[in-house]
Structures are given as C-alpha cells and as structure tokens.
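All letters in the sequence shown, in the order written, are residues 14 to 310 by my numbering.
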Amino acid sequence: MPENRLFCFGLGYTGERLARTALAQGWRVAGTCRSSNKAALLRDAGIEAFIFDGQQPLDTNALAGTTHLLCSVPPDSEGEPVLRLHRDRLKELSPPPQWLGLLSTTGVYGDCQGAWIDETRTPNPLTEANQMRLEAEQAWQGLGAELGRATWIFRVAGIYGPEGRNVLDHLTSGGVRRLVKPGQFFNRVHVDDLVSAIWAALGHPGPGAVLNVCDDLPAPADAVLCYGAELLGIEPPPAEPWEPLALSPFARHFYAENRRLRNDRLKQVLGLTLAYPSYREGLGALAATRQATDSPD
14 MPENRLFCFG
24 LGYTGERLAR
34 TALAQGWRVA
44 GTCRSSNKAA
54 LLRDAGIEAF
64 IFDGQQPLDT
74 NALAGTTHLL
84 CSVPPDSEGE
94 PVLRLHRDRL
104 KELSPPPQWL
114 GLLSTTGVYG
124 DCQGAWIDET
134 RTPNPLTEAN
144 QMRLEAEQAW
154 QGLGAELGRA
164 TWIFRVAGIY
174 GPEGRNVLDH
184 LTSGGVRRLV
194 KPGQFFNRVH
204 VDDLVSAIWA
214 ALGHPGPGAV
224 LNVCDDLPAP
234 ADAVLCYGAE
244 LLGIEPPPAE
254 PWEPLALSPF
264 ARHFYAENRR
274 LRNDRLKQVL
284 GLTLAYPSYR
294 EGLGALAATR
304 QATDSPD
C-alpha cells in the first residue's frame, strides 16, 4: 500500500488545519498557498508548500505520489483554476489519486425562502460566483468519474472559529451592526467540525457523496450576536430594522438568500458527531478560551 499523501490546493483557514491533522496522524502533506512567507511557515511545520496563483500550473512533480487530493480554491473570473491548469496532469499520474474532494458552498442552492432543505434540493444559484461553484462541483465529479475515484463535494455553510472568525471578536473590535430581519436564517459550522468531516471522509471506503456541512441549528444573525454579547457580559448593539435601501450592496446580497440546511446525510454517511451542534456550544467554547487566555496566571 502506498504511503498516504494529502495534497491541499488552498492551505487557508480550513486547509491548514486539515493539513496539521493529517501530519499528526503520520501522513505526508503538501499543498499550495499564495505567498512565499506563508510557504516558509508551512515548510517549517513539515508541510511541502508550493506557490499557486491560479495562472500557472504546478510542476508535475509537486503532485506525484498524491493519494488524496482536496481543493478549497474558489473559482476565479475564468472558472475553476485547479482543473483548468491540472486536469490532464492529474489524469496522467500513475496511479492517480484514490480520493478527490472539493470544498464548495451552500450558496449553490440559492434562495429557498427559509425552507428546510437537504442535498436532494435542486441547486439554483442566484449569483455568477455561485453558478461557477456549481460548475466546479460538476467538473470535479466528472474527473472522479473518468478516473473511477471517490469524489466528495462538501457544501460548506458559514465557517466560524478562533483567530478573528467569530462574533465575539467582531463585538470586541466594534463596528458590528445588529440587523433584524424577521424570518431570516443563516447556517454555520465550526471550523473544527468541518475539519472532522473532511478527515472522516478521507478515511471512508465509500464512493463519495455530496454533503451539507453545517451544524444543527440555523439561526438569525441577530440571535447569534445577542448570545455572543451575553457571553462577553456586554450589551448587544442596538437593533436596527431591516431597510435594504440603507444597506451596502454586500449587506443586501448577504441577506438575499434564506434557507435552513439539514445535515442528516453528513451524520449518516460519515458517522459524525458534531463537537459544536449549534452556535451556543461553539461560541461558549471560544468564550471559555478567551477567558482562560485573559486570566492572569
């Protein structure tokens, strides 16, 4: 049996955490980033790092020996950059990777008017960016079919976690607004649960699947913000009624889609138990870490 080698196109917030998990389990790990400084830090951690800007392909030797390949690089203005530049090279590897994975987005479903949906819902992306995400899913599934390899599509909800990626840090830094739009839901997942899901899929013997990766409790942004303020022992920002004409185009876009995602398939296929089944457990753990860090020895 060949030694497991994970290659991550995109060693960002999620990819680097997955890479470090694989390293700890004795895997060889390689992947891409966009800067030489980041590459040096990754190499110091034992990860083979390569610079990839979406314009030039990697040297074929960078991919040699890859048994598991994950892509978290989003499409650019021309479409899916990894397969655009590497599809033929991946098909020429001998043997080709035995496992393929893509981090996609729940945005491919479009607006569902707050309905509960699962992976059987027909995608209906509302934006060009999310249409490209759906086309990227199809391209990776097509490659997997050509190679006869397991292909996993992870439709990921809003990711939160440490290092400034949570409402506690947003409240502390200031400037966050508390918009109230009745009946509006957002879906989210703690980065640790996302990494656990990918890691479980890496070891799964099945043919692959399309999976919603989200927690159990879709919730209004207002509720999450108020809970975060409660954990911090501060007053939440004043409530502002939903007035789309007074908002930036980005904010209007953020609230334009409304859906509640089911994650039953994630749990059934992978046998996964979420460490943070809702924002309450996730923010509670982050608040406890903040308190421990801020407390004097």
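Ideal Cβ placement from N, Cα and C applies to all residues, glycine included.
Every value quoted in this text rests on a predicted model; they were computed, and no experiment measured them.
(request) Could you please give me the residues that DSSP links to residue 173 through a beta bridge? (result) Residue 173 sits at position 160 when you count from the first residue of the sequence shown. Paired residue(s): 203.
(request) Evaluate residue 58 with the Cβ neighbour count: other Cβ atoms within 10 Å of its Cβ, from every protein chain shown; 16 or more gives buried, anything less gives exposed. (result) Along the sequence shown, one-based indexing puts residue 58 at 45. Exposed, by the Cβ-count rule.
(message) Let's see if you can read the secondary structure: which residues bound the alpha helix (DSSP H) around residue 45?
(response) Counted from its first residue, the sequence shown places residue 45 at position 32. No alpha helix (DSSP H) holds residue 45; the beta strand (DSSP E) holding it covers 41-46.
(request) Within the same chain, show all residues whose beta-carbon is closer than 6 Å to that of residue 138, passing over the 5 residues directly before and after it, in chain order. (result) Position 125 of the sequence shown, counted from the start, is the residue given in the question as residue 138. Result list for residue 138: 121, 123, 144 and 147, in chain order.
(message) Which of the three DSSP states is assigned to residue 99 in this structure?
(response) Along the sequence shown, one-based indexing puts residue 99 at 86. Helix, per DSSP.
(request) Under the assumption that residue 135 contacts residue 170 (Cβ atoms under 8 Å), give the Cβ distance between them as a whole number of angstroms. (result) Residue numbering aside, residue 135 sits at position 122 when the sequence shown is read from its first letter. Residue numbering aside, residue 170 sits at position 157 when the sequence shown is read from its first letter. Going by Cβ atoms, the distance from residue 135 to residue 170 rounds to 19 Å, so no, they are not a contact pair.
(request) Inspect the beta-carbon positions of residue 180 and residue 115 and report whether they are closer than 7 Å. (result) To locate residue 180, count along the sequence shown from 1; it is residue 167. To locate residue 115, count along the sequence shown from 1; it is residue 102. The answer is no: Cβ separation not under 7 Å.
(request) Look up residue 247 in the DSSP assignment and say whether it is helix, strand or coil. (result) Walking along the sequence shown from the start, residue 247 turns up at place 234. In this structure, residue 247 counts as coil in the three-state DSSP scheme.
(request) Would you list, in sequence order, the uninterrupted alpha helix (DSSP H) runs of no fewer than 4 residues that lie entirely inside the stretch 126-179? (result) 141-160
(message) With a threshold of 8 Å on Cβ separation, who are the neighbours of residue 34 within its own chain once the five nearest residues in sequence on each side are excluded?
(response) Numbered from 1 along the sequence shown, position 21 holds the residue referred to as residue 34. Excluding sequence neighbours, residue 34 sits near 208 and 212.
(message) On a Cα-Cα basis, can you pick out the residue from 19, 248, 159 and 227 that is closest to residue 277?
(response) On the sequence shown, position 264 is the one that residue 277 refers to. The candidate whose alpha carbon is nearest that of residue 277 is 227.
(request) Please look up how many angstroms separate the CB atoms of residue 20 and residue 76, rounded, as I've assumed it's under 8 Å. (result) Walking along the sequence shown from the start, residue 20 turns up at place 7. Walking along the sequence shown from the start, residue 76 turns up at place 63. So it is a contact: roughly 6 Å between Cβ atoms.
(message) Quick check on this structure: which residue in 303, 201 and 273 has the alpha carbon closest to the alpha carbon of residue 132?
(response) To locate residue 132, count along the sequence shown from 1; it is residue 119. Here the closest residue by C-alpha is 273.
(message) For residue 166, count the other beta carbons within 10 Å of its own beta carbon; 16 or more makes it buried, fewer makes it exposed. Which is it?
(response) The residue you call residue 166 lines up with position 153 of the sequence shown. By the neighbour-count rule (16 or more Cβ atoms within 10 Å), residue 166 is buried.
(request) Reducing DSSP to helix, strand and coil, say where residue 189 ends up. (result) For this step, residue 189 is matched to residue 176 along the sequence shown. In this structure, residue 189 counts as coil in the three-state DSSP scheme.
(request) Return the Cβ separation of residue 235 and residue 193 in integer angstroms, given the expectation that the two are a contact with Cβ distance under 8 Å. (result) Taking the sequence shown and counting its residues from 1, one reaches residue 235 at position 222. Taking the sequence shown and counting its residues from 1, one reaches residue 193 at position 180. At roughly 5 Å, the Cβ-Cβ gap stays under 8 Å, so residue 235 and residue 193 are in contact.
(request) Could you spell out where the beta strand (DSSP E) holding residue 118 opens and where it closes? (result) Taking the first residue of the sequence shown as 1, we reach residue 118 at position 105. From DSSP, the beta strand (DSSP E) with residue 118 extends over 112-118.
(message) Let me make sure I understand the geometry here. Which of 128, 303, 185 and 241 has the alpha-carbon closest to that of residue 271?
(response) Along the sequence shown, read from residue 1 onward, the residue named residue 271 stands at position 258. Comparing Cα-Cα distances from residue 271 to each of 128, 303, 185 and 241, the minimum goes to 128.
(message) Tell me whether residue 139, by its Cβ, gets closer than 6 Å to a heavy atom of the ligand PLP.
(response) Looking at this structure, you won't find the ligand PLP or any other ligand, since it has none at all.
(request) Report, in whole angstroms, the separation of the C-beta atoms of residue 206 and residue 288, which I expect to be a contact under 8 Å. (result) Position 193 of the sequence shown, counted from the start, is the residue given in the question as residue 206. Position 275 of the sequence shown, counted from the start, is the residue given in the question as residue 288. Indeed, because the Cβ distance is near 6 Å, the residues count as touching under 8 Å.
(request) Kindly indicate the opening and closing residues of the beta strand (DSSP E) around residue 254. (result) Translated into the one-based positions of the sequence shown, residue 254 becomes position 241. Per DSSP, residue 254 belongs to the beta strand (DSSP E) from 252-254.
(message) Going by DSSP in three states, residue 211 sits in which element: helix, strand or coil?
(response) Mapped onto the sequence shown, residue 211 falls at position 198. Helix at residue 211.
(request) Can you give me the Cβ contacts of residue 91 inside the same chain, cut-off strictly under 8 Å, excluding the 5 residues immediately before and after it? (result) The residue labelled residue 91 in the question sits at position 78 within the sequence shown. Once the five neighbours on either side are set aside, the close Cβ partners of residue 91 are 97.
(request) List the endpoints of the continuous alpha helix (DSSP H) containing residue 31. (result) Against the sequence shown, residue 31 aligns to sequence position 18. That run of the alpha helix (DSSP H) goes 26-37.
(request) Name the residue from 219, 300 and 189 whose alpha carbon lies nearest to the alpha carbon of residue 162. (result) Stepping through the sequence shown from its first residue, residue 162 is reached at position 149. Ranking the options by Cα distance to residue 162, first place goes to 219.
(message) Under DSSP, the beta strand (DSSP E) around residue 61 begins and ends at which residues?
(response) Walking along the sequence shown from the start, residue 61 turns up at place 48. Where residue 61 is concerned, the enclosing beta strand (DSSP E) stretches over 61-64.
(request) Could you give the DSSP three-state label for residue 273: helix, strand or coil? (result) Here residue 273 is taken as the residue at index 260 of the sequence shown, counted from 1. In the structure shown, residue 273 sits in a strand (DSSP, three-state: E or B).
(request) With residue 81 as the anchor, note down where its beta strand (DSSP E) starts and where it stops. (result) Numbered from its first residue, the sequence shown carries residue 81 at position 68. Where residue 81 is concerned, the enclosing beta strand (DSSP E) stretches over 81-84.
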